[in-house]
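According to mature numbering (1 follows the signal peptide of the UniProt record, and there is no 0), the residues represented by the sequence shown are -18 to -1, 1 to 417, in order. Every residue, glycine too, gets a C-beta built ideally from N, C-alpha and C. A short worksheet on the structure shown next.
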Amino acid sequence: MKPSIPSLISLLFLPAYAQLESSGSTYVLSGTILNSIVPDEVPTGTEASYISYTGTRTISTTGTFGSGQSEPVPTLLNVTETSGSSATTQEVTLIGGNSTRNATQTTTSAQPINTQPCNNYLEFCTRRYSNITEVAAHNSPFSRQGNAASNQYLGVIDQLNDGVRMLQGQVHSVNDTMYLCHSSCDMLNVGTLEDYLKTVAGWVRQHPYDVLTIILGNANLVEVGNFTAPIQNSGITPNLYVPPEIPMSVERWPTLSEMILRQKRVVFFLDYKADQEEVPYILDEFSQIWETPFSPTDVNFPCTQERPPDLSREQALSRMYIANHNLNIEVGVMGVDLLIPNTASINQTNSVDGNGSLGLMANTCISDWGRPPNFLLVDHYNIGNGSVFEVAAQLNNVKYNRTCCGQGTSPGSRVAMKSWLHLILPVASILILTH
């Protein structure tokens, strides 16, 4: 028999405390039905505006970080030269070399050799931040098991340990507190932005040779000042990168080694309502990054520029860009069209080649724009045994040889993953649910 509408709603969006029940081949979740559902869509109206600059503006590289403390950008560290027949090295110096050395200088001393990877690859240390393709976790915080609105199975620490270097999420303001919610805080609320950033900040401190990007969706279009307290309270501000000018074109971004030596290794973007002159460390996304179609349902994944609208090709070529490669399925519930991850196709969506694959979309983007995307935004990145990282490695012309994924998870959570997949696969294939 076909599932009832109430069963379907509870299957999609029940709270985390609900219980899993099964009847034959159909799984349902018993729980409360939502009072209101807000579908995922591109924001419209006068509040959802896009910043446009006719030129560049120079801004101060000294920001104010919490409690009135000023944290200046430090200068490059000096490097201890090697001498004699035996060369000595220090980890922090290897990634950048001697900042005072020039091409005409001669010496009989042994030259420093880079042995410290940046973002897992030696080759990345001398590349610009804007000249690297990274795997990005779409809706990174939403990894709650048993909720079909979740976009990731593994949590943020596993994401980072496995090689994800861009975290994307959606923030809602509820009673003056910033929460991480998917479309509605009734549908999926995983806690406060501050707590999430505290977890990320702890990882950043433990990994001094990694550069991380965070992009947040401002779901309620609140003013940028609402984000400063959770950011500052999280402890991540000492590592936030403040660009010298706005907007930053692809040629102006520093190399990873420059960012690492200065320990300004977290680039923080907000999609709407950013004001870099008011809050320099919260960067405006769409004046520096464009995106392919939002919440795609087309398995062909066109690499067309969607946001910001009305961007000329010349302007697009001067910015970084995101390939939105997370396949969704549209489900109509009580007159509301909802998009949920199409988990039935996730293996192929995340694969290296074939129709609808991440690899095919990346090649389409190269053909259309002359360079690969900077970020590959994917759901359930761990499905495919590292295939999404293999695609990124090929685009970066490096060799992917890491183990994927979620090696830090417990055996119990691995068992739970099987139940979770059995739960959401029928949702993604809702048209053929029968008993």
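Per the DSSP secondary-structure output, P323 pairs in a beta bridge with N310. Between the alpha carbons of P99 and D192 lies a distance of about 9 Å. Within the DSSP secondary-structure output, Y303 pairs in a beta bridge with W272. With contacts defined as CB atoms closer than 8 Å, A298 and M343 fail to qualify as a contacting pair. Here E372 carries a helix assignment [DSSP, helix/strand/coil]. Assignment of Y161 by DSSP, reduced to helix, strand and coil, places it in the strand class. Your pair N221 and V186 checks out as a contact, with CB atoms roughly 5 Å apart and the cut at 8 Å. When the five nearest sequence neighbours on each side are left out, the beta carbons in the same chain lying within less than 7 Å of the beta carbon of N202 are those of H154 and S155, in order along the chain.
Between L377 and E267, the alpha-carbon positions lie close to 23 Å from each other. Remark: C-beta atoms of I218 and A183 approach each other more closely than 8 Å. With contacts defined by Cβ atoms closer than 8 Å, G338 and S349 do not form a contacting pair.
Annotated as proximal: N101 and L238, with beta-carbon spacing under 8 Å. The Cβ atoms of T331 and L340 lie closer than 8 Å to each other. Annotated as distal: E227 and I114, with beta-carbon spacing of 8 Å or more.
For T331, the secondary structure class from DSSP, reduced to helix, strand or coil, is helix. Annotation for A211: the continuous alpha helix (DSSP H) segment containing it runs T210 to S216.
In this structure, I197 sits near M148, with a CB-CB distance shorter than 8 Å.
Nearest neighbour of I33 by Cα position, chosen from Y254, M169 and G368, turns out to be Y254. Under DSSP, the beta-bridge partners assigned to A119 are L149 and V360. One Cα belongs to Y363, the other to Y135, and the distance between them is close to 8 Å.
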